[in-house]
Every structure is written in structure tokens, then in C-alpha cells.
DNA sequence: ATTTGATTTTAAGTGAATCTTAAGAATCTA
DNA sequence: TAGATTCTTAAGATTCACTTAAAATCAAAT
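Residue numbers (this note's numbering), protein chains in the order written: chain A, 468 to 689; chain B, 468 to 689.
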């Protein structure tokens with residue numbers, strides 16, 4: 468799930484970005500209104516987090532313009548304002564929810580998940596054969612054995628399992644897991660696939676992660 | 468309240484399902500171990516009733532695997548076995564109660580209700596290996612030795628133990644223990660983890676508090 | 001109000017784990 | 001079989017956690 472965060476305060480932006488990424492969202496940050504709108508309109512995001520007060524365009528203005536083209540993408544406002552008027556105004560302009568600063572990250576996360584729920588039915592536990600991956604606790608098990616994965620290994624496995632049964636192209640993988648958007652000619656993926664297969668002890672009879680030559684990989688049950 | 472019943476004997480399953488539904492529980496039945504675990508992991512249940520002997524996975528195996536992801540959901544075993552050994556084994560693997568077949572439905576119902584009773588007066592003593600932490604008296608012991616902790620040290624240890632077995636992310640820790648919601652890039656956690664390990668004299672063989680690089684820490688028994 | 005001692009936080013150097021790159025070996029496809 | 005793609009390994013770069021010490025903050029007592 469891709470989230471666009473438009474927020475000018477460095478600290479808040481960094482904090483939210485990290486927190487959300489730990490929850491395995493892909494987060495891009497714009498620190499200024501105009502750029503925010505531009506990115507938003509690229510259509511690559513599943514959810515928008517907009518600060519209310521922004522240099523350039525205000526959050527509300529972004530919201531209104533964005534809604535002209537995208538009706539279904541949820542928008543959540545981060546706002547220091549709490550007067551009814553303003554809030555109503557915000558919701559009228561097409562936002563789905565708002566949250567007052569200062570807020571607990573938990574609370575934001577909760578609302579983000581609520582907004583995304585209908586689409587993804589988000590469960591924090593994913594299963595692939597006898598492999599379970601828990602995004603909540605960041606733990607992976609193969610059968611009864613606990614497998615310890617590094618961050619990148621975990622992120623890659625999560626991506627594959629989330630797309631279980633679908634072919635995952637290398638370009639997509641590198642975009643989602645590594646956040647690299649150009650320059651795909653790197654061998655990282657291979658290295659990490661290798662690491663995963665090793666740690667999960669996948670054999671030829673139990674090749675939950677198969678390679679599709681020239682395209683990418685696919686995770687599937689046997 | 469949703470209950471998952473994993474029981475292979477048709478008759479018993481139907482009997483219990485009906486009885487519990489009359490008490491207005493929502494009951495799902497799995498007649499086989501593997502399916503049982505799968506359903507359990509969906510996270511939709513408030514209580515698990517597990518038969519001891521099952522085709523596929525044994526009840527105990529389900530219990531153990533389930534516990535890795537869900538610490539707070541009560542589990543009751545239905546068992547024909549009554550030797551002390553086996554029962555102890557069951558409770559050790561994470562069950563909250565067990566009931567010997569044959570049993571009166573009333574009795575089962577009673578125990579179910581006990582387990583679901585709103586957690587009143589929160590347990591004040593938490594245990595991690597040979598470490599005990601008493602929120603009532605604010606005391607901590609390692610084995611027989613009393614360990615004196617400062618407020619923050621205590622708060623951190625309490626947080627970790629309350630979430631025993633789960634990975635605690637740094638952002639969560641800093642939110643819950645320090646109440647810091649932005650600007651998390653501080654080294655405090657490291658310093659305090661260090662202090663705890665020192666005061667508790669945790670060695671490499673006895674590392675109740677393990678670090679998950681890039682993510683956070685986990686408190687767990689060995 | 002000032003001092004003192006304890007606690008909490010910041011900061012910085014060090015070391016270890018992880019990430020990335022690169023290159024040769026193995027495998028697949030045309 | 002040749003060329004391309006993927007696998008595997010190892011080494012260099014980088015990031016992150018550990019540790020220590022010192023600064024800042026807080027609380028109690030004079």
C-alpha cells in the first residue's frame with residue numbers, strides 16, 4: 468500500500484514515514500503543497516495524509532483539486548485546528564477523516580487502516596504453505612521453527628506473500644521493497660531471494676518461491 | 468464473542484456448537500488440525516476450544532503455534548487424557564485451562580465464561596524467566612535477588628514483559644514508555660536497555676531481552 | 001533559594017550486523 | 001552451443017546498536 472504524506476515539518480514527516488514503513492506501507496513525502504498535489508495526481512497512491520497548513524498550496528486546496536480526478540482514494544487530514552467550522556470545511560472538501568495534532572501514532576495508524584480496510588481486508592498474518600509471516604510482531608515461522616530474517620529479507624518475503632499466486636516482476640519488487648524507481652540493473656534481488664530460500668530451507672520439492680525467468684518471481688503454494 | 472472449536476468427533480462438535488450458540492456465542496467448527504490452526508490465525512476469535520487428539524495437527528501443536536502470535540486469547544483443552552504429565556504439558560504450551568472428557572456441558576460453559584470474564588484487576592505480577600516484576604509494589608527480582616530499578620528502567624521492563632514474546636518496535640516503545648510522538652531519533656532506548664541488561668545481569672546464555680536489529684527488542688523466555 | 005545526589009538524556013566512539021556490489025559458476029533458452 | 005539470466009559467494013560500504021561519559025534535569029534537604 469502506497470501512502471503520500473504532505474507535511475512540511477521535517478520531524479513529524481520523518482517520524483510518520485518511519486512508523487508507517489515499519490507497518491509495511493510505502494511512504495513518499497512531499498514537504499510542500501504544490502509538489503504534493505503533483506505527486507498525488509500521479510495516481511500511484513492508495514491514501515493521502517495531508518497537513519492542513521502548508522507552504523505553497525494548503526492541504527484543503529490539494530484535497531479539492533485531487534478529488535476532481537480521484538474519488539476513491541481516502542484522504543486524512545493532520546490538523547492543529549480543531550474548530551468545528553474548519554473541520555467540517557475539510558470534510559466537505561472531500562476528506563475522509565481528520566486527526567488533531569498532537570496525536571498518538573497508534574491512533575493515526577488505526578485510522579489509516581480503517582480507511583484502507585475495505586480494500587485489502589488487512590490481516591497482519593500472512594500464510595504461504597507452512598510459512599507464516601506476522602507483520603505485527605515482525606516474526607516468521609516455517610512450520611514450528613522460528614526463522615530470523617533481516618529487515619530487507621522480511622520486506623521481500625512480505626511483498627511476495629502479499630502477492631501470493633501472482634508473478635512479481637523484478638521492477639515492481641525493486642520499487643516496492645527497495646524504493647528504487649530507476650536503474651534496475653542491480654543484483655540485490657537475487658541475493659535476497661537466495662538468502663530467503665536458504666533461511667526457509669526451500670528445496671526443489673518445496674519451492675514456495677519460484678523464479679520466472681526473465682520476469683521475476685512468484686510465491687505460491689504447491 | 469466468537470469461539471473456534473477444533474474437534475473431529477462429529478457428535479461432540481455438533482452438541483457443543485449448539486449449546487454454545489444457545490448461550491449466544493458465535494461458534495465455528497474445524498474438524499481437523501491444520502484447518503483449525505489456519506482459522507485460529509485469522510485472528511477473529513476470542514477463545515479457542517481444542518481437542519487434544521486430532522487428525523492433522525494435534526491440539527497441543529495448534530496451541531503452541533497459535534500462542535506465538537496471540538498471547539491474549541484464552542485456550543481451553545478438551546482432553547480424554549488425565550495423567551498429570553500431559554496436562555502440565557498442555558498448560559506449559561500456553562493453554563489457560565483444560566477439561567476432562569466426559570464433561571457436563573454446564574461445566575464447560577462455566578470455564579468458558581471464566582476465561583472470557585473481562586480482565587478485572589489486571590495481574591500485578593509479571594514473569595519473564597526467573598525475573599518477576601510487581602507493578603503493585605514496584606519491585607523487581609531476578610531469581611531470589613532484588614534488583615533496584617529507576618522509574619524509566621522499570622517502565623521499560625514492564626512494557627517489554629507485558630509484551631513478552633512479541634517484537635517491540637522502537638517507535639512503539641518510545642511512544643508507550645517515553646510518550647514521545649515525534650522526533651524519535653534518540654538513543655535513550657539503547658541506553659536503558661543497556662542499563663537493564665546490566666542490572667539484571669543478562670548474559671549471552673540468558674538473554675531474556677534480545678535485540679531485533681532495525682526493528683526493536685523482544686523479551687522472551689529461552 | 002541553594003546545594004546535593006540521583007535520574008534522565010544527549011553525544012560520540014567503537015564494533016558488529018546488514019546491505020550492496022561485483023564477479024565467477026551454474027543454469028536455462030534460443 | 002552461445003548468450004543471456006540467475007545463483008552463489010565473498011568482500012567493501014554502510015548502517016545501526018552498544019557502551020561510556022558527560023551534560024541536563026529533577027527532587028529532596030538544608
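Glycine is no exception: its CB is placed at the ideal position from the N, C-alpha and C atoms. All figures in this text were calculated on a predicted structure; none of them were measured in a lab.
Taking a Cβ-Cβ threshold of 7 Å, the residues of chain A close to residue 633 of chain B are 604, in chain order. Residue 604 of chain B carries a coil assignment under DSSP once its states are collapsed to helix, strand and coil. Those residues of the region 478-496 of chain A placed with their C-beta closer than 7 Å to a C-beta in chain B are 478, 479, 482, 485, 486 and 489, ordered along the chain.
Taking the beta carbon of residue 508 of chain B as reference, the chain A residues within 8 Å of it are 592, 594 and 599, listed in sequence order. Of all C-beta pairs linking the region 473-490 of chain B to the region 614-622 of chain A, fewer than three are shorter than 8 Å, placing the two stretches out of contact. If you draw a straight line from the Cα of residue 492 of chain A to the Cα of residue 671 of chain B, it comes to about 34 Å. Across the structure, residue 675 of chain B and residue 604 of chain B are spaced so that their CA atoms are roughly 22 Å apart. For residue 612 of chain B, the pairing in a beta bridge is given by DSSP as B:609.
The Cβ atoms of residue 543 of chain A and residue 529 of chain A lie no closer than 8 Å to each other. Nearest C-alpha to residue 657 of chain A among A:646, A:647 and A:640: A:640. Residue 611 of chain A places its beta carbon 8 Å or farther from that of residue 534 of chain B. Each residue's CA atom was taken as its position, placing residue 633 of chain A and residue 686 of chain A some 7 Å apart. The Cβ atoms of residue 488 of chain B and residue 576 of chain B lie no closer than 8 Å to each other. The C-beta of residue 677 of chain A comes no closer than 8 Å to any C-beta of chain B. Under a 10 Å Cβ-count criterion, residue 541 of chain B is classified as buried, with 16 or more other Cβ atoms of the shown protein chains found around its own Cβ. Per DSSP, residue 521 of chain A is not a residue of any beta strand (DSSP E), being assigned neither H nor E. The beta-carbon separation of residue 623 of chain B and residue 659 of chain B, rounded to 5 Å, stays under the 8 Å limit for a contact.
Residues of the region 566-579 of chain A with a C-beta less than 8 Å from any C-beta of chain B: 569, 570, 571, 572 and 573, listed in chain order.
Per DSSP, residue 665 of chain A is one residue of the alpha helix (DSSP H) stretching across 655-666. Excluding the 5 residues flanking it on each side, residue 666 of chain A has same chain C-beta neighbours closer than 6 Å at 614, in chain order. In the displayed model, residue 472 of chain A falls within a strand according to three-state DSSP. Straight across, the Cα-Cα distance linking residue 607 of chain A with residue 522 of chain A is about 43 Å. Taking all protein chains shown into account, residue 562 of chain B has 16 or more neighbouring C-beta atoms within 10 Å of its C-beta and is therefore buried. Of the residues assessed, residue 578 of chain A falls on the buried side of the cut-off, its CB having 16 or more other CB atoms within 10 angstroms. For residue 546 of chain A, no CB of chain B lies under 8 Å from its own CB, so it is not counted at the interface with that chain.
Taking C-beta atoms as the reference points, residue 526 of chain B and residue 473 of chain B count as a pair closer than 8 Å.
Among the residues facing chain B, residue 653 of chain A is not included, as its CB has no counterpart in that chain under 8 Å away. Against chain A, the CB of residue 642 of chain B has a partner CB under 8 Å away; the residue lies at that interface. For residue 607 of chain B, no Cβ of chain A is located within less than 8 Å of the residue's own Cβ. Interface flag for residue 618 of chain B against chain A is unset, since no Cβ pair is found closer than 8 Å. By the criterion of a C-beta distance shorter than 6 Å, residue 597 of chain A is surrounded in its chain by 610, once the five residues flanking it on both sides are discounted.
The beta carbon of residue 611 of chain A sits closer than 8 Å to some beta carbon of chain B.
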